[in-house]
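A.B. asks: Each protein sequence line maps, in turn, to chains A and B.
At position 157 of the first sequence the residue is numbered 157 (full-length UniProt numbering), and the sequence of numbers has no breaks.
At position 105 of the second sequence the residue is numbered 105 (full-length UniProt numbering), and the sequence of numbers has no breaks.
There are 2 protein chains.
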Amino acid sequence: RRRPVREVLFFPSPPSCTEELLAEAAGPGAAARSCPCPLPRADCSFRRLLRRLLSARRSLEICLFAFSSPQLGRAVQILHRRGVRVRVVTDAQYMGLRGSQIGLLRHAGIPVRHDQEEGYMHHKFAIVDRRMLITGSLNWTTQAIQNNRENVLVMEDAEYVKPFLDEFERIWEQYNPSNYRFI
Amino acid sequence: RRRPVREVLFFPSPPSCTEELLAEAAGPGAAARSCPCPLPRADCSFRRLLRRLLSARRSLEICLFAFSSPQLGRAVQILHRRGVRVRVVTDAQYMGLRGSQIGLLRHAGIPVRHDQEEGYMHHKFAIVDRRMLITGSLNWTTQAIQNNRENVLVMEDAEYVKPFLDEFERIWEQYNPSNYRFI
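1) Taking only beta-carbon positions, decide if A:S137 is within less than 9 angstroms of chain B.
2) Cutting at 7 angstroms between CB atoms, please list the residues of its own chain near A:E19, excluding the five before and the five after it.
3) Report the neighbours of A:F10 on chain B: residues whose CB is nearer than 7 angstroms to its CB, in chain order.
4) In this structure, what does DSSP give as the bridge partners for B:M132?
5) Helix, strand or coil for residue 190 of chain B? Go by DSSP, reduced to three states.
6) Strictly by DSSP, which residues pair up with B:C63?
7) Closer than 7 angstroms by C-beta to residue 205 of chain B: which residues in its own chain qualify, once you throw out the five before and the five after it? Chain order, please.
8) Measuring CA to CA, which of B:N148, B:R81, B:G96 and B:I171 is closest to A:N151?
9) Can you give the Cα-Cα distance for A:R87 and A:L21, rounded to whole angstroms?
10) In the DSSP assignment, find the unbroken alpha helix (DSSP H) run with A:R113 in it and report its ends.
11) Residues of chain A with CB closer than 9 angstroms to the CB of B:N147, please, in chain order.
12) Are the CB atoms of A:G99 and A:T141 within a distance shorter than 9 angstroms?
13) Would you call the stretch 51 to 66 of chain A and the stretch 125 to 139 of chain A in contact, with 3 or more CB pairs under 8 angstroms?
14) If we cut at 9 angstroms on Cβ distances, does B:H123 have a partner in chain A?
15) Just tell me which of A:H123, A:A23 and A:R47 has its CA closest to the CA of A:Q77.
16) Return the CA-CA distance between B:I110 and B:N176, expressed in angstroms with no decimal places.
17) Distance, Cα to Cα, B:L60 vs A:V161?
18) Using the Cα positions of A:F11 and B:S137, report the straight-line distance between them to the nearest angstrom.
19) What does a CB cutoff of less than 7 angstroms around B:L104 pick up in its chain, not counting 5 residues either side in sequence?
20) In this structure, does DSSP put A:L97 in helix, strand or coil?
21) Please report the straight-line C-alpha distance between A:R3 and A:V89, rounded to a whole angstrom.
22) Buried or exposed, going by whether 16 or more other CB atoms sit within 10 Å of the CB of A:S178?
23) For A:M155, decide whether its Cβ has a neighbour in chain B, counting only Cβ atoms nearer than 9 angstroms.
24) The beta strand (DSSP E) spanning A:R6 covers which residue range?
25) Between the C-alpha atoms of B:A92 and A:N148, what's the straight-line distance to the nearest angstrom?
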């Protein structure tokens, strides 16, 4: 067995061309043309985050206060098309804001649930293949990725992953629309 | 050597009376009178967070986007009075908002630095005695503690603590007022 992943990423991360990373992830069907844009391709926190996400083979749980990064939105859609079981939980007040990816994900057929509470659904985590936890202060927005001081932990320690998996399943069930009371 | 702490806390956490916890932490000089208020004293995520914080003996680095919880503010002041070396980094746009604890901490003599950038200083972490990292989605506000879905990791794994210590020292130096350019 390989050593568990234990990675700490800090942001801001510079703008980065991710066309080739995404085309490669989309599979052999996608043309691997090189992108003519002048953005750098050097290793950076954002590319590391994107690679971790694209490593999903079976399942991806996402629990995010704000999700508007077009690059991460495309990555999630690619995983969905590749047959990864994707589920998304988000905050009701933020999912309709300009630039939100949530509508696009739903349109692509990805199940999305949101809170029905006064407080915010303020988590910012994802779980890849029920084994790798990605969590921290970072909302998945280009503003946060490129401008804010942020942190993201990538961890495969079961003692940290298991409680987040349980939390996701609790929230997923609680936000099941068939449970809404509308009182 | 004892086993490293590895704890995951989820919020919201119910309102909780912390008078006795804080009086105990303030030392034998403080009267240990029992508080007459009706709030519960049962174990909860917020009390666990507070106890971890109050365990500091030598140093406490705090790096927070928003800090307005009066209970956590009092805890930090108690640690400062007990001789713990406290340093605080925060976000310039949020530190002046109503209910912010930052002014009170400065008034108590605790050094505070803030960003001079366009983006947000969006971290939400603290490091106790250079050994225990407390990090997650939670800002230290009563609103977030009692109403939001939030997570906090408490971890003593050096692989996670060390990068956050380095990040704090980087930010602390970068936000040194003597480095401001005012251009």
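A virtual CB, placed ideally from N, CA and C, is assigned to each residue, including glycine.
C.D. replies: In terms of the structure at hand:
1) Here residue 137 of chain A corresponds to residue number 137 of the first sequence, with the count starting at 1. Chain B contact via Cβ: present.
2) Working through the first sequence from its first residue, we reach residue 19 of chain A at position 19. Excluding sequence neighbours, A:E19 sits near C35.
3) For the purposes of this step, residue 10 of chain A is taken as residue 10 along the first sequence, with counting starting at 1. Neighbours of A:F10 on chain B, chain order: E167.
4) What you label residue 132 of chain B is simply residue 132 of the second sequence in a count that begins at 1. Looking at the DSSP assignment, B:M132 forms a beta bridge with B:V128.
5) This structure gives no information on residue 190 of chain B, because the portion of chain B shown stretches from 1 to 183.
6) To locate residue 63 of chain B, count along the second sequence from 1; it is residue 63. B:C63 pairs with B:V89 and B:F125.
7) Beyond the ends of chain B as shown, which are 1 and 183, falls residue 205 of chain B; an answer cannot be given.
8) Within the first sequence, the letter at position 151 stands for residue 151 of chain A. When C-alpha distances from A:N151 are compared across B:N148, B:R81, B:G96 and B:I171, the shortest belongs to B:I171.
9) In the first sequence, counting from the first residue as 1, residue 87 of chain A sits at position 87. In the first sequence, counting from the first residue as 1, residue 21 of chain A sits at position 21. Straight-line spacing of the CA atoms in A:R87 and A:L21 works out to 22 angstroms.
10) Position 113 of the first sequence, counted from the first residue, corresponds to residue 113 of chain A. Counting along the chain, no alpha helix (DSSP H) covers A:R113; the unbroken beta strand (DSSP E) around it starts and ends at V112 to H114.
11) Along the second sequence, one-based indexing puts residue 147 of chain B at 147. Chain A residues near B:N147: E117, E118, G119 and Y120.
12) Reading the first sequence from its first residue, position 141 is the one you call residue 141 of chain A. Reading the first sequence from its first residue, position 99 is the one you call residue 99 of chain A. Contact flag set, yes.
13) The stretch 51 to 66 of chain A makes contact with the stretch 125 to 139 of chain A, as at least three CB pairs between them are under 8 angstroms.
14) The residue you call residue 123 of chain B lines up with position 123 of the second sequence. Yes, contact with chain A.
15) Walking along the first sequence from the start, residue 77 of chain A turns up at place 77. Comparing Cα positions, the closest option is A:A23.
16) Along the second sequence, one-based indexing puts residue 110 of chain B at 110. Along the second sequence, one-based indexing puts residue 176 of chain B at 176. For B:I110 and B:N176, the distance between alpha carbons rounds to 15 angstroms.
17) Here residue 60 of chain B is taken as the residue at index 60 of the second sequence, counted from 1. Here residue 161 of chain A is taken as the residue at index 161 of the first sequence, counted from 1. Approximately 27 angstroms, taken between the alpha carbons.
18) Taking the first sequence and counting its residues from 1, one reaches residue 11 of chain A at position 11. Taking the second sequence and counting its residues from 1, one reaches residue 137 of chain B at position 137. C-alpha separation (whole angstroms): 15 angstroms.
19) Along the second sequence, read from residue 1 onward, the residue named residue 104 of chain B stands at position 104. Here B:L104 has G73 as same chain residues with Cβ atoms under 7 angstroms from its own Cβ, once five neighbours each way along the sequence are excluded.
20) Numbered from its first residue, the first sequence carries residue 97 of chain A at position 97. A:L97 falls in the coil class under three-state DSSP.
21) As a position in the first sequence, residue 3 of chain A is number 3, starting the count at 1. As a position in the first sequence, residue 89 of chain A is number 89, starting the count at 1. Each residue's alpha carbon lies about 30 angstroms from the other.
22) Within the first sequence, numbered from 1, the residue matching residue 178 of chain A stands at position 178. A:S178 comes out exposed.
23) Residue 155 of chain A sits at position 155 when you count from the first residue of the first sequence. By the rule that beta-carbons nearer than 9 angstroms mark a contact, A:M155 touches chain B.
24) By one-based count along the first sequence, residue 6 of chain A stands at place 6. Counting along the chain, the beta strand (DSSP E) containing A:R6 begins and ends at R6 to F11.
25) Residue 92 of chain B sits at position 92 when you count from the first residue of the second sequence. Residue 148 of chain A sits at position 148 when you count from the first residue of the first sequence. Going from the Cα of B:A92 to the Cα of A:N148 covers about 13 angstroms.
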